[in-house]
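2 protein chains.
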Amino acid sequence: MSTGSPLLAELIDALRCLPGVGAKTAQRMAFHLLERDRAGARRLAERLGTAVERIGNCTRCRTFSEEPVCVLCASPTRESQLLCVVETPVDQLAIEQATGYRGRYFVLLGRLSPLDGLGPRELGLDLLAARLGEGEVQELIIATNPTVEGEATAHLVAQLAAAAGIRATRLAHGVPLGGELEFIDRGTLAHAFGSRQLLADT
Amino acid sequence: MSTGSPLLAELIDALRCLPGVGAKTAQRMAFHLLERDRAGARRLAERLGTAVERIGNCTRCRTFSEEPVCVLCASPTRESQLLCVVETPVDQLAIEQATGYRGRYFVLLGRLSPLDGLGPRELGLDLLAARLGEGEVQELIIATNPTVEGEATAHLVAQLAAAAGIRATRLAHGVPLGGELEFIDRGTLAHAFGSRQLLADT
Numbered sequence: 001m002s003t004g005s006p007l008l009a010e011l012i013d014a015l016r017c018l019p020g021v022g023a024k025t026a027q028r029m030a031f032h033l034l035e036r037d038r039a040g041a042r043r044l045a046e047r048l049g050t051a052v053e054r055i056g057n058c059t060r061c062r063t064f065s066e067e068p069v070c071v072l073c074a075s076p077t078r079e080s081q082l083l084c085v086v087e088t089p090v091d092q093l094a095i096e097q098a099t100g101y102r103g104r105y106f107v108l109l110g111r112l113s114p115l116d117g118l119g120p121r122e123l124g125l126d127l128l129a130a131r132l133g134e135g136e137v138q139e140l141i142i143a144t145n146p147t148v149e150g151e152a153t154a155h156l157v158a159q160l161a162a163a164a165g166i167r168a169t170r171l172a173h174g175v176p177l178g179g180e181l182e183f184i185d186r187g188t189l190a191h192a193f194g195s196r197q198l199l200a201d202t
Numbered sequence: 203m204s205t206g207s208p209l210l211a212e213l214i215d216a217l218r219c220l221p222g223v224g225a226k227t228a229q230r231m232a233f234h235l236l237e238r239d240r241a242g243a244r245r246l247a248e249r250l251g252t253a254v255e256r257i258g259n260c261t262r263c264r265t266f267s268e269e270p271v272c273v274l275c276a277s278p279t280r281e282s283q284l285l286c287v288v289e290t291p292v293d294q295l296a297i298e299q300a301t302g303y304r305g306r307y308f309v310l311l312g313r314l315s316p317l318d319g320l321g322p323r324e325l326g327l328d329l330l331a332a333r334l335g336e337g338e339v340q341e342l343i344i345a346t347n348p349t350v351e352g353e354a355t356a357h358l359v360a361q362l363a364a365a366a367g368i369r370a371t372r373l374a375h376g377v378p379l380g381g382e383l384e385f386i387d388r389g390t391l392a393h394a395f396g397s398r399q400l401l402a403d404t
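Residue numbers (this note's numbering), protein chains in the order written: chain L, 1 to 202; chain S, 203 to 404.
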């Protein structure tokens, strides 16, 4: 890399920490910022620094938060009898953006994976059990991913709910809206077929 | 956007200044950095800040440089009788990476575009004329892009060379290596056909 500027070469290298950004894209990004958007670059540098320094995890639900208790946990308008368990903050965000869910969340920050050293303790299941023991939660919505590890995690979480005498529910699996049967994987199709539901007006 | 963390929302927003990064990608990047690569994010924030503060333009060739004179201009080993004119620092980098060129560069930082307020002055053509007047340059390689504006720019630069009595050359146009005639645009093919060259051993 000869750009005539060692600082530029360092910037291009640093941009590669972004997911999906290789050498060429990093180059394009660096040149774009320097040529056309120095204000944006300055703002990004500041916010990135601040975010890394100050964002930790909520002590109540474990999602990302710069306060000891996150905005959603602190909100007085969310329904405390509903608790939704997700693997990551991204999953939480996906549910927030797609659904009208107004309850609370608990973020596992991972899924059960003993080989990676992720057990019940790492997933904060003691914290979850304590939360369920508070007596406020009436339904535990388990929204882990439909993978082998996600299912194992769901199983463990469901046991906690059962121990606390709380109703546990799981996201419905089946044919995605707009999907065509022809292109759906066999497992999903078999599951959807087996879980077929009675039409309301028949 | 409800992520439970306003700082996170600000970071996601700031990431959108990167070219080709929309809302979804910015989200994915922010979560990736916070979950898996805080060291990389910290480094990126620092280098981005430093680059924006300290990288300006070389007073001799106008490319990006944190010093008054860039590394390539300052290098005693580059050949001063060759000068290659490019539109942007990215083009300069492309030539550095692809060719064995060992001469000097002059970066226009744009192309002739009166509607955008880019005239000879903005392209630093006075600086280029002065450079050609120094008497060191023997060949001016014009490597502007083969677009209408790039061609107009090339024409103007060629006039400067002619005025200084310096030989001007232009990158060859034609069928790209590995390209298939079937898929080449008509203009390129017509040009390549018209500029056909005698085979060396016939």
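Just so it is clear, CB atoms sit at the ideal spot from N, CA and C, and this is done for glycine as well. Just so we're clear, the structure is a prediction, and the values are computed from it rather than from any experiment.
Nearest candidate by alpha-carbon position, reference residue i, set the options
i, options, result
"S:Thr265", "S:Arg249, S:Leu250, S:Val287", "S:Val287"
"S:Gly251", "L:Arg102, L:Glu67, L:Leu11", "L:Leu11"
"L:Ile166", "L:Gly150, L:Phe193, L:Glu134, L:Ala190", "L:Glu134"
"L:Gly150", "L:Val137, L:Leu171, L:Asp13", "L:Leu171"
"L:Thr99", "L:Ala9, L:Ala143, L:Thr188, L:Val175", "L:Ala143"
"S:Cys272", "S:Glu281, S:Gly258, S:Leu284", "S:Gly258"
"L:Leu108", "L:Glu46, L:Leu8, L:Leu199, L:Val157", "L:Val157"
"S:Arg354", "S:Pro378, S:His375, S:Pro322", "It should be noted that the sequence gives Ala, not Arg, for residue 354 of chain S. The shortest Cα separation from S:Ala354 among S:Pro378, S:His375, S:Pro322 belongs to S:Pro322."
"S:Glu255", "L:Leu123, L:Leu7, L:Glu139", "L:Leu7"
"S:Ser282", "S:Ala232, S:Ala241, S:His357, S:Leu342", "S:Leu342"
"S:Gly206", "L:Arg43, L:Gly20, L:Ser65", "L:Ser65"
"S:Leu284", "S:Leu401, S:Val339, S:Glu269, S:Ala402", "S:Val339"
Collapsed DSSP secondary structure at residue i in the structure displayed
i, result
"S:Leu400", "coil"
"L:Gln138", "coil"
"S:Val350", "helix"
"L:Thr25", "helix"
"S:Gly321", "coil"
"L:Glu53", "helix"
"L:Leu33", "helix"
"S:Gly376", "coil"
"S:Thr371", "strand"
"S:Glu281", "strand"
"S:Arg313", "coil"
"S:Gly389", "helix"
"L:Gly133", "helix"
"S:Met203", "Residue placement at S:Met203 is flagged as unreliable, the pLDDT there being 49, under the threshold of 50; the coordinate-derived value follows with that caveat. Coil at S:Met203, not helix or strand."
"L:Arg104", "strand"
"L:Val69", "coil"
"L:Leu7", "helix"
Buried versus exposed call for residue i [16 or more other C-beta atoms within 10 Å across all chains shown]
i, result
"L:Thr77", "exposed"
"S:Arg398", "exposed"
"S:Glu289", "buried"
"S:Ala370", "buried"
"L:Gln92", "buried"
"S:Arg238", "exposed"
"L:Leu181", "exposed"
"L:Leu89", "The sequence shown places Pro at residue 89 of chain L, rather than the Leu named in the question. Per the 10 Å Cβ criterion, buried."
"L:Ala23", "exposed"
"L:Gly187", "exposed"
"S:Ala232", "buried"
"L:Ala39", "exposed"
"S:Leu220", "buried"
"L:Ala200", "exposed"
Listed by chain order, chain L residues near residue i by CB distance under 9 Å
i, result
"S:Pro291", "Thr3, Gly4, Ser5, Leu8, Phe31, Leu34, Glu35"
"S:Gly224", "Result: empty, since nearest Cβ-Cβ is about 12 Å, beyond 9 Å."
Interface residues of chain S facing residue i [CB-CB closer than 7 Å]
i, result
"L:Pro19", "Arg230, Met231, His234"
"L:Cys58", "Gly206"
"L:Gly207", "No statement about residue 207 of chain L is possible, as the shown extent of chain L runs from 1 to 202 and does not include it."
"L:Cys70", "Gly206, Ser207"
"L:Leu44", "Ala216, Leu217, Cys219, Leu250"
"L:Leu189", "Within 7 Å Cβ-Cβ: nothing; L:Leu189 doesn't reach chain S, min ~27 Å."
Neighbourhood of residue i by C-beta, 8 Å cutoff - its chain only, sequence neighbours within 5 removed
i, result
"S:Asp215", "Ala228"
"L:Cys61", "Cys70, Leu72, Cys73, Arg104, Tyr105, Phe106, Val107"
"S:Ala364", "Ala370"
"L:Arg207", "Since the first and last residues shown for chain L are 1 and 202, residue 207 of chain L lies out of range."
"S:His393", "His375, Gly376"
"S:Thr349", "Arg313"
Partner residues on chain L for residue i, Cβ-Cβ distance less than 7 Å
i, result
"S:Leu213", "Arg47, Leu48, Ala51"
"S:Ile257", "Ser5, Leu7, Leu8, Leu34"
"S:Leu330", "The contacting residues do not exist; S:Leu330 stays about 17 Å from chain L at best."
Close Cβ partners of residue i (< 7 Å) along its chain, the five nearest in sequence each way excluded
i, result
"L:Leu160", "Leu125, Leu128, Ala129, Leu132"
"L:Tyr101", "Cys84, Ile95"
"L:Glu122", "Gly110"
"S:Ile386", "Val377"
"L:Ser113", "Glu149"
Residues near residue i in its chain [Cβ-Cβ closer than 6 Å; skip 5 each side]
i, result
"S:Ala247", "none"
"S:Leu235", "Ala243"
Chain S contact residues for residue i, given Cβ-Cβ distances below 9 Å
i, result
"L:Thr144", "Under the 9 Å cutoff, chain S gives no residues; its nearest Cβ is about 16 Å from L:Thr144."
"L:Glu66", "Ser207, Pro208, Leu209, Leu210"
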